[in-house]
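Numbering (this note's numbering), first residue to last: 8 to 102. The beta-carbon is built from N, C-alpha and C at its ideal position, and this holds for glycine as well. Each remark here refers to the structure printed beneath this line.
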């Protein structure tokens, strides 16, 4: 092989290597961009989950307060019903 053919083969091989490096660089840049976008979405989802958890804890606390208030009212009504039953029994017994 002559020097001219080796130079020709070397230039073709160099061109192919540059084209392959360009393709790899293109896909790597797309991968990096998508990874950055995914990281932004993950951060926003974490913030959203934290805010939902905070709201959930607030709802749970208010629900417990409401439940205890409802239980007190039911107990009060139960006592009144028992009192009325005993009065009705006394009235029926005196007839």
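For residue 9, no alpha helix (DSSP H) segment is defined, and its DSSP state is neither H nor E. Taking the Cα positions, residue 33 is about 53 Å away from residue 68. In the three-state reduction of the DSSP assignment, residue 87 falls in the helix class, which pools H, G and I.
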